[in-house]
Structures are given as structure tokens and as C-alpha cells.
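J.:
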Amino acid sequence: MTNKLWVITLDGMCKTIMKDPLKEIINIVGNDHILSLPTELEHYSVDGIKPNLVVFSETIEEISEIMKVASSEHLAITPWGGGTKIGFGRVPDKVDVIVCTARLNRILEHEASDLIATAECGVSLKKFQAELREKNQFLAIDPPHVELGATVGGIIATNDSGPKRLKFGTMRESLIGIKVVKPDGSIVKGGAKVVKNVAGYDLPKLYVGSLGTLGIIVEGTFRLYPIPEASKTYLATFPNLEIFQETVLSILNSSIVPTCFEVLNPDLISAISNNLNLNLKKEKYALAVRIESVEKAVREQISKVKQISEEKNGEGILLKGDIEENLWQEIREFPWRISCDNRTVCKASVLIADVPRVFQAAEELCKKSGLKIYISGRAGNGVLIFAIEVERPFDYAQGSPQEEMLAVVEAIKSLRALVSPLKGTLVIQDAPISIKSQVDVWGDLGTSHKVMEKLKNLFDPYQILNPGRFI
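Structural data, given as C-alpha cells:
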């Protein structure tokens, strides 16, 4: 990593000095804002790959200067927000420097009358929502890890979302402006409040879900919504999958407008019931319908949900207040409550009509293999979250349990074989390295792979940012 630099002295002689790019980067942020000891760097390992340096930039200009050095020296840079989603993507080819954005944590502007706010990328979603709440507004994104410090920049980079995706969409719908430091150190802006946008690209949408491979996201401008006047959730269980699906379709085909509409398999609803001490029959399929609006509309629509459920022999309870919030937090966080050494988390996207088929197939596959699976499905958009749990850690000290590891790998391959003819996809969101080494996290990307490869080569020709993570 240390390069030779030729200089001409005053007497005309040519001399060689050693150039250390890491020292250049340290000089940019200062010695007080770096980590370089092996014990310090361990915490910032990415899929087992330990960086040579971690820096905590305070300004966009510092990140720009760091990227100029990285571009010149071809250093591999990994952006790091709260670190809650650092497991997304393939194992990187290398990690030279972690650029942590935790110090870029200012909320720059909140135009409450226009329902717009701008924040730096290191602002935690929890802090952002707290400030917006003072004006009775919120950012309509509810991904997992909020309590652990998920940042707005990390959520943009991963396009992570939660149950509210049904009504409000993903970050692609909420992000209206963006500022990014490109791999060569140049700073670009796109979207709202920009006099002249970059021709040819919708920059906000381009960078959403790019996993930090096209640039370091440093600032975002977001569309906001007023906090609803009232909220209630109806949680019901059903004796079998067929009746369960009939109820789901009846609700979807009605005039009910849910904010969230989740379907849960028996193992998941049993775990949630135990955690929250809910009075529900276990070993049954469940649906959770959340209605948010003015008080009268919430009351009327929840009544319709209850009526439809009872007509299908569903047994339910009504939740509001803290217990309602706790339920939705459990649903968002359920995959990550399993020890990271014992879990594999996948996300499938299929047509709404195919949700029950994939739901049932996933349960049967895992049951045959002796694996436990927790499933949450977004009934209104066909997104399914699978959390596969094994009894023993994959990477425990005595050696990797090959049978369980291979069972998980085969289950993922079988599920992909099922969803592919249905024009669906399945990606691995989080898994031990032993699983990632056996099966590609993205699967078959089809023709979109060539498009993404062209974008990567255009924006990052030296493969500096997160090399191998995505493309």
C-alpha cells in the first residue's frame, strides 16, 4: 500500500521517498478521529475482512479528500453508517479503509409547511423521527434496527424497509433529493432543491439500494407525512392456510386501506405471542392489519377487518397504544433476534397471488430438513421475509456443522427454484460466511446484471467502493 514517489531536489538530483496513502487519509481527519489498532479494527470487520484503517469524517469535504486519495492509490473504501446492515451483499473482495459517517449527523433543514426535511447521512433514523415528531410529522420508513442506530444514509444505500412499505412505498418514494461523493472525490447533487440536475440520471433513485458501490451518500432530502390522528391493529389467527388466504384476499379486495398488512407463520406468531404475553392460540397462521387515519375512519375500517376475519372463523384481538407499537417492532425485528451465528435471513419478492404457495413451500422444505423457519409476508405487495434458524452456530469453535449448513444452502436453492418460474426473486440479506461461501446472495440477476455492471464501471472504473459487494 506504500508507494514510491520521485522528487527533484534543489541540486537537481532525483530522489525517492516513500508515500503512505493511509497517513494522507489520517491527516485529513486528524489522529483523534481514526481507529488503527487491531483490537479496534476487529469491530469493523466486514464478513470477516478487517480493514487497515477506520476514519470518522465530520464534513463532506473531508470525505471528498479521502476519496481523491483512494482514487489515486486504488484503495478499497467501505462506507459505514450505523453498521446495522453491513452484512448485506456478497463478501467484499477487500476492505482497506472504512469511512464512518457517524459525525455527519446534522439535521440541516425542516420545512414543515412543505413537508420536506434535509439531513446528513449519519443522522440516525431515531433522532430524525424525534425531531420531525415535534412538528407532528414523520418519515414514512420503518426498517429494522432503528433502536440500534440505523442511519438515513444506510437506509438509502440498502433500500431497507418495513411493514409500512404497503402504504408509503420504500425509500425510493420518500427520497426527493440527494448529495453524493463520487469515487473520484467530486461532489454531485440531484433531485429537489437543485437548480440544474445531472442530465440522464434520476440520481436519488439511482443511489437508493446501491449498497455504497457508486458513491458515498452524504445528504438526503425527504418527503414527509403528517402523523395520523389514530392507529389500531387487528391481530387474528386462522385454523389453516386456505381459510387464511381467503381472508387475506377478502381484505385486499375490500375498501379497507391498511398501513400495514402482515401474514405470519405459526412459529413466528408463537414467538411474538410469548414475547408480548398475547392471548392468542398458537400453532396457527396469523394476520396483522394496521389502520392509521382519523379516529372515525380507523374505527370503521378496523370493524370491517374484524367482521371479515370472524366470517372466516378467525379469532382476533384489538391492539392500540404501546402494545400495538411493540407488536410492529417485533414483526420488524424478528429475524435479527436470532443469534447472528445461527440465522440466515432471506427476502423473496413474488406476485401477491403466489404468496401462500411460497409460504407453504418454505415451511415444508425447512421441516423436511429439520430447520426452523419464521416467515413474515407483506400481503399487499408480495414481499416475504424468511429467518431460518439452526440449533448450533455455523462457525462455532469445534468446527462447522456441515449437515445443517448444507441443509440451509439446499433450502435456499430450492426456494429460488420455486420462485424463479413465478417471476420472483430471492436474495440473502444476512448469513454467516459459511453460507455465503456456498450460495450467491443475489442469485441469478438476469439481464439486470449487465446494466448494473455498466453503471459500476462508469461511476467507479477503479472498483474502489465496496468491490465485489454487489458487482
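Residues 10 to 480 in our numbering are what the sequence shown spells out, letter by letter. The C-beta atom is built at its ideal place from N, Cα and C for all residues, glycine as well. Here the structure is a predicted model, which is why all the values come from computation and not from measurement.
Tell me which same chain residues have a C-beta within less than 8 Å of the C-beta of arginine 142, skipping the five on either side of it?
T.: Within the sequence shown, the letter at position 133 stands for residue 142. Excluding residues within five positions, the ones whose Cβ falls inside 8 Å are Ile236.
J.: Is there contact between the region 463-477 and the region 209-225, where contact requires at least three CB pairs shorter than 8 Å?
T.: Contact between the region 463-477 and the region 209-225 is present, because at least three Cβ pairs lie under 8 Å.
J.: Measuring alpha carbon to alpha carbon, tell me which of Ala128, Lys291 and Glu74 ends up nearest leucine 233.
T.: Walking along the sequence shown from the start, residue 233 turns up at place 224. Minimum Cα distance to leucine 233 is reached at Ala128.
J.: According to DSSP, is phenylalanine 270 part of a helix, a strand, or is it coil?
T.: Numbered from 1 along the sequence shown, position 261 holds the residue referred to as residue 270. Strand.
J.: Where do the N-terminal and C-terminal ends of the alpha helix (DSSP H) with histidine 42 fall, by residue?
T.: Within the sequence shown, residue 42 is the residue found at index 33, counting from 1. That residue, histidine 42, is in no alpha helix (DSSP H); it is neither H nor E in DSSP.
J.: Give the range of the beta strand (DSSP E) segment to which alanine 149 is assigned.
T.: Taking the first residue of the sequence shown as 1, we reach residue 149 at position 140. Premise fails: alanine 149 is in no beta strand (DSSP E) and is neither H nor E.
J.: For my contact list, leucine 435 and glycine 455 are in at a C-beta cut-off of 8 Å; report their separation, rounded to the angstrom.
T.: If you number the sequence shown from 1, residue 435 lands on position 426. If you number the sequence shown from 1, residue 455 lands on position 446. Their Cβ separation, rounded to whole angstroms, is 13 Å, which puts leucine 435 and glycine 455 out of contact at 8 Å.
J.: Kindly list the residues whose CB is nearer than 7 Å to the CB of valine 428, restricted to its own chain and excluding five residues on each side of it in sequence; keep chain order.
T.: The sequence position of residue 428 within the sequence shown is 419, counting from 1. Closer than 7 Å at Cβ, skipping near neighbours: Ala357, Val359, Val367, Thr434 and Leu435.
J.: Quick one: using the 10 Å Cβ neighbour count with 16 as the cut-off for buried, is alanine 426 buried or exposed?
T.: Locating residue 426 in the sequence shown gives position 417, counting from the first residue. When all chains shown are included, alanine 426 counts as exposed.
J.: According to DSSP, is histidine 119 part of a helix, a strand, or is it coil?
T.: Taking the sequence shown and counting its residues from 1, the one referred to as residue 119 is at position 110. Strand.
J.: Assuming leucine 50 and arginine 387 form a contact by the criterion Cβ under 8 Å, report the distance between their Cβ atoms to the nearest whole angstrom.
T.: The count along the sequence shown starts at 1 and reaches residue 50 at position 41. The count along the sequence shown starts at 1 and reaches residue 387 at position 378. That pair is no contact at about 38 Å.
J.: Would you check if the distance between the CB atom of glutamate 336 and the CB atom of leucine 327 is smaller than 8 Å?
T.: Reading the sequence shown from its first residue, position 327 is the one you call residue 336. Reading the sequence shown from its first residue, position 318 is the one you call residue 327. Note on identity: in this sequence residue 336 is leucine, with glutamate being the wrong assignment. No. Outside cutoff.
J.: Would you identify the three-state DSSP class for alanine 217, choosing helix, strand or coil?
T.: Counted from its first residue, the sequence shown places residue 217 at position 208. Checking the sequence, you will find valine at residue 217 rather than alanine. The answer is coil: DSSP assigns valine 217 none of H, G, I, E or B.
J.: Specify, as a first and last residue, the run of the alpha helix (DSSP H) that tyrosine 445 falls within.
T.: Against the sequence shown, residue 445 aligns to sequence position 436. Here the sequence assigns lysine to residue 445, which means tyrosine is not the residue at that position. Per DSSP, lysine 445 belongs to the alpha helix (DSSP H) from 442-445.
J.: Quick check on the burial criterion: 16 or more other C-beta atoms within 10 angstroms. Buried or exposed for phenylalanine 479?
T.: Numbered from its first residue, the sequence shown carries residue 479 at position 470. So phenylalanine 479 ends up on the buried side.
J.: Buried or exposed, going by whether 16 or more other CB atoms sit within 10 Å of the CB of lysine 432?
T.: In the sequence shown, counting from the first residue as 1, residue 432 sits at position 423. Flag for lysine 432 reads exposed.
J.: DSSP has aspartate 439 in a bridge; who is on the other side?
T.: Working through the sequence shown from its first residue, we reach residue 439 at position 430. Partner(s): Val354.
J.: Can you round the beta-carbon distance between alanine 239 and valine 190 to whole angstroms, since I take them to be within the 8 Å contact cut?
T.: The count along the sequence shown starts at 1 and reaches residue 239 at position 230. The count along the sequence shown starts at 1 and reaches residue 190 at position 181. Not confirmed; about 42 Å, so no contact.
J.: So phenylalanine 479 is in the beta strand (DSSP E); what residue range does that whole segment cover?
T.: For the purposes of this step, residue 479 is taken as residue 470 along the sequence shown, with counting starting at 1. Counting along the chain, phenylalanine 479 falls outside any beta strand (DSSP E), and DSSP gives it neither H nor E.
J.: Within the region 129-186, note down every full alpha helix (DSSP H) run reaching 4 residues or more, in order along the chain.
T.: Segments of the alpha helix (DSSP H) lying fully in the region 129-186: 134-142, 161-167, 174-177 and 180-183.
J.: Would you call the CB atoms of alanine 370 and alanine 295 closer than 8 Å?
T.: Residue 370 sits at position 361 when you count from the first residue of the sequence shown. Residue 295 sits at position 286 when you count from the first residue of the sequence shown. For alanine 370 and alanine 295, no; Cβs fall outside 8 Å.
J.: Roughly how many whole angstroms lie between the Cα atoms of alanine 362 and leucine 113?
T.: Looking up residue 362 in the sequence shown gives position 353. Looking up residue 113 in the sequence shown gives position 104. Distance between the alpha carbons of alanine 362 and leucine 113 is about 43 Å.
J.: Looking at the unbroken beta strand (DSSP E) that takes in cysteine 109, where does it start and where does it end?
T.: Counting from 1 along the sequence shown, the entry for residue 109 is found at position 100. Start and end: 106-109.
J.: Report the rounded CA-to-CA distance for alanine 420 versus valine 272, giving the unit in angstroms.
T.: Position 411 of the sequence shown holds residue 420. Position 263 of the sequence shown holds residue 272. Using only the alpha carbons, I get a separation of about 21 Å.
J.: Of all the beta strand (DSSP E) runs that stay within the bounds of the region 232-304, which reach a length of 3 or more residues?
T.: Within the region 232-304, the complete beta strand (DSSP E) runs of at least 3 residues are 239-247, 269-273 and 294-302.
J.: When the Cβ atoms of the region 86-94 are set against those of the region 34-50, are three or more pairs found closer than 8 Å?
T.: As far as the Cβ criterion goes, the region 86-94 does not touch the region 34-50, which means the pair count is below three.
J.: Of the residues Gln138, Lys376, Gly330 and Leu424, which one's Cα is nearest the Cα of lysine 241?
T.: By 1-based counting over the sequence shown, the position of residue 241 is 232. Closest by alpha carbon: Gly330.
J.: Please report the residue range of the beta strand (DSSP E) in which glutamate 324 lies.
T.: Sequence index remark: in the sequence shown, residue 324 carries index 315 (1-based). Start and end: 324-328.
J.: Take valine 460 and list the residues in its own chain whose beta-carbon comes closer than 6 Å to its own, dropping the five residues that flank it on each side.
T.: Stepping through the sequence shown from its first residue, residue 460 is reached at position 451. No residues qualify anywhere along the chain.
J.: So, is serine 446 buried or exposed, given that buried needs 16 or more other C-beta atoms within 10 angstroms?
T.: Here residue 446 refers to the residue found at position 437 when the sequence shown is read from its first residue. The residue is exposed, with fewer than 16 neighbouring Cβ atoms inside 10 Å.
J.: According to DSSP, is threonine 48 part of a helix, a strand, or is it coil?
T.: As a working mapping, residue 48 is identified with position 39 in the sequence shown. Of the three classes helix, strand and coil, the one that applies to threonine 48 here is helix, per DSSP.
J.: Mapping the DSSP letters down to three states, classify valine 428 as helix, strand or coil.
T.: Translated into the one-based positions of the sequence shown, residue 428 becomes position 419. Here valine 428 sits in helix by DSSP.
J.: Sort Gly163, Leu289, Ile473 and Glu372 by Cα distance to phenylalanine 395 and report the nearest one.
T.: Residue numbering aside, residue 395 sits at position 386 when the sequence shown is read from its first letter. It is Glu372.
J.: Taking the C-alpha atoms as reference points, what is the distance between glycine 477 and asparagine 286?
T.: Counting from 1 along the sequence shown, the entry for residue 477 is found at position 468. Counting from 1 along the sequence shown, the entry for residue 286 is found at position 277. Each residue's alpha carbon lies about 44 Å from the other.
J.: Identify which residue in Val132, Met414 and Ile317 has its Cα closest to the Cα of serine 264.
T.: Position 255 of the sequence shown, counting from 1, holds the residue named residue 264. It is Ile317.
J.: Would you say isoleucine 444 and threonine 353 are within 8 Å of each other, going by their C-beta atoms?
T.: In the sequence shown, residue 444 corresponds to position 435, counting from 1. In the sequence shown, residue 353 corresponds to position 344, counting from 1. It is a contact, given that the beta carbons lie within the stated cut-off.
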